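What follows is a single structure, written as structure tokens, with notes after it.
Numbering (full-length UniProt numbering), first residue to last: 1 to 344.
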């Protein structure tokens, strides 16, 4: 079956390697990490910089990330970068059981003239689920699942609830996880701005325990005043909670920040079970800082001749070839952003 899938993937420019039989199937949590080989082309430098300055800056940036690590933010792809409505907004509406609002957000179009966005625009204007189904291209499977239920039950609270239940649970929970990830990103920025790299009383640190019978919460320890004074823990052990109903919060200013931030979104700390939508979010913990492993890079330069008004100029093109390994759930886009000091 994998070989058959591999043939289809190859037509799309992707390849599946190292297919082999095994005695046991893969399970969630077994992934040790991901390897990345990335080429960043046509690097730009300021007009007053020479190519030598550019190479020096790249070396400094790469070495800084290699030695100090980077803030373990959830990457922009988690939220739908560039979209009018981002996935975390839909997740918040679902957590608040505002299912009609969630549907309207889901069908909010981008400012473009194409069949998909025209169909979304038509739905918001008319609430005609049947007509929108006809307009939508076949590949918009998620939208069509939702619309079929709305066509049958109506665009009201009950109908929208049934509509959300009509799409797979993994897709429903995706939006909620996007909201939780956004809160985590904001919390990480607040924690580092407030306390910097010092481990302080009330921080949460992850204790390495190999005993699988020990619960996740028991592996997370609240730093005491004595431990702060003794500098017992490193910033690389500090975790922040991904919000949910079964996690503990820091007992310092960061914990207070969580309470105020969730209150702003009309969410209580325990309100992460939404029975009508079959959503259950226990929460988890995420390290604030992560290290990159097996990092290597080299620069490639090429001169491109450009003719401008009979004058020949040599335009130097520089590409960065970089390879590294990251732990599971770490984002290469975030690591690259730290190196390049820019958003993309």
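Just so you know, even glycine gets a beta-carbon here, dropped at the ideal spot from N, CA and C.
Quantities reported herein were computed from a predicted structural model and do not represent experimental measurements.
TODO: Enumerate in chain order the residues of its own chain whose CB-to-CB distance from residue 142 is below 7 Å, with the five nearest sequence positions on each side excluded.
DONE: Result list for residue 142: 167 and 171, in chain order.
TODO: Note the first and the last residue of the continuous beta strand (DSSP E) segment covering residue 38.
DONE: Segment 34-40, the beta strand (DSSP E) holding residue 38.
Task: C-beta atoms of residue 169 and residue 278 nearer than 9 Å - done: In this structure, residue 169 sits near residue 278, with a CB-CB distance shorter than 9 Å.
TODO: Would you identify the three-state DSSP class for residue 71, choosing helix, strand or coil?
DONE: In this structure, residue 71 counts as strand in the three-state DSSP scheme.
Task: Contact check, residue 288 vs residue 239, beta carbons under 9 Å - done: Contact: yes.
- [ ] Would you check if the distance between the CB atom of residue 180 and the CB atom of residue 102 is smaller than 9 Å?
- [x] Taking 9 Å as the Cβ cut-off, residue 180 and residue 102 do not qualify as a contacting pair.
Open item on the list: For a minimum of 3 consecutive residues, which ranges assigned as the beta strand (DSSP E) are wholly contained in the region 155-179?
Closed with: Counting only runs of 3 or more residues that sit fully inside the region 155-179, no beta strand (DSSP E) segment turns up.
TODO: Could I get the ranges of all uninterrupted beta strand (DSSP E) runs contained in the region 194-268, with 3 residues as the minimum, in chain order?
DONE: Every beta strand (DSSP E) stretch that sits fully inside the region 194-268 and reaches 3 residues is listed by chain position as 204-206, 220-222 and 238-242.
- [ ] Would you give the residue range spanned by the beta strand (DSSP E) that residue 285 belongs to?
- [x] Residue 285 -> beta strand (DSSP E) spans 284-287.
Task: residue 254 beta carbon less than 9 Å from that of residue 178 - done: Going by C-beta atoms, residue 178 is not nearer than 9 Å to residue 254.
Open item on the list: Once the 5 residues before and after residue 247 are set aside, which same chain residues still bring their CB inside 6 Å of it?
Closed with: Cβ neighbours of residue 247 beyond the five flanking positions: 241 and 283.
Task: Candidates 281, 302 and 333: closest to residue 42 by CA position - done: With distances taken between Cα atoms, residue 42 lies closest to 302.
Open item on the list: The alpha helix (DSSP H) that contains residue 88, what's its start and end?
Closed with: 87-95 is the extent of the alpha helix (DSSP H) around residue 88.
Task: Same chain, Cβ closer than 6 Å to residue 310, neighbours up to 5 away in sequence not counted - done: Note on residue 310: pLDDT 44, under 50, position unreliable in the model; no value is reported.
Task: Under the three-state DSSP convention, the category residue 139 falls into - done: It is coil, neither helix nor strand.
Task: Best match in 11, 33 and 6 for proximity to residue 326 [C-alpha to C-alpha] - done: Nearest to residue 326 by C-alpha distance, out of 11, 33 and 6, is 33.
Open item on the list: Suppose you measure from the CA of residue 59 to the CA of residue 222; what does that come to, to the nearest Å?
Closed with: Approximately 38 Å, taken between the alpha carbons.
Task: Residues bridged to residue 317 (per DSSP) - done: When beta bridges are read from the DSSP output, residue 317 appears opposite 302.
Open item on the list: DSSP three-state label for residue 309, please.
Closed with: In this prediction, residue 309 scores a pLDDT of 46, lower than 50, which makes its location untrustworthy; the coordinate-derived value is nonetheless stated afterwards. Correct three-state label for residue 309: coil.
TODO: Tell me, please, whether the CB atom of residue 282 is closer than 9 Å to any CB atom in chain C?
DONE: Looking for chain C here will not work: only one protein chain is present.
Task: Spatial neighbours of residue 76 in its chain, beta-carbon cut-off 6 Å, leaving aside the 5 residues before and after - done: Here the set comprises nothing.
Open item on the list: I need the boundaries of the alpha helix (DSSP H) containing residue 340, first residue and last residue.
Closed with: 332-340 is the span of the alpha helix (DSSP H), which, as asked, contains residue 340.
TODO: Report buried or exposed for residue 16, applying the criterion of at least 16 other Cβ atoms within 10 angstroms of its Cβ.
DONE: Here residue 16 is exposed. Its C-beta has fewer than 16 other C-beta atoms within 10 Å.
TODO: State whether the region 128-146 contacts the region 101-116, with contact taken as three or more CB pairs (one from each stretch) at a distance under 8 Å.
DONE: The answer is yes - the region 101-116 touches the region 128-146, with three or more Cβ pairs under 8 Å.
TODO: Over the uninterrupted alpha helix (DSSP H) stretch that includes residue 29, give me the two end residues.
DONE: First-last for residue 29: undefined, no H or E at that position.
TODO: Could you check which residue in 72, 21, 191 and 121 has the C-alpha nearest to that of residue 256?
DONE: For residue 256, the closest of 72, 21, 191 and 121 by C-alpha to C-alpha distance is 191.
- [ ] State the DSSP-derived secondary structure class of residue 274, mapped to helix, strand or coil.
- [x] In this structure, residue 274 counts as strand in the three-state DSSP scheme.
Task: Selected residue, minimal CA-CA separation from residue 120, among 95, 100, 147 and 97 - done: Taking only the C-alpha atoms, the option nearest residue 120 is 147.
TODO: Identify whether residue 192 lies in helix, strand or coil by the three-state DSSP scheme.
DONE: Residue state, collapsed to three classes: helix.
Task: Separation of residue 116 from residue 137, as counted between CA atoms - done: Residue 137 and residue 116: Cα-Cα distance of roughly 7 Å.
Open item on the list: Tell me which residues share the same chain as residue 268 and place their Cβ nearer than 8 Å to its Cβ, disregarding the 5 neighbours each side in the sequence.
Closed with: If we look at residue 268 and ignore the five residues flanking it on each side, its Cβ neighbours are 262.
Task: Reduced DSSP category for residue 325 - H, G, I as helix; E, B as strand; rest coil - done: Residue 325 falls in the strand class under three-state DSSP.
Open item on the list: Checking the sheet assignment: what are the DSSP bridge partners for residue 297?
Closed with: Per DSSP, the beta-bridge partners of residue 297 are 322.
Task: Beta-carbon proximity check, residue 324 vs residue 299, cutoff 9 Å - done: No, Cβ-Cβ distance for residue 324 and residue 299 is not below 9 Å.
Open item on the list: Taking only three categories from DSSP, how would you classify residue 280?
Closed with: Note: residue 280 maps to strand in three-state DSSP.
Open item on the list: For residue 8, count the other beta carbons within 10 Å of its own beta carbon; 16 or more makes it buried, fewer makes it exposed. Which is it?
Closed with: Exposed, because fewer than 16 other Cβ atoms sit within 10 Å of the Cβ of residue 8.
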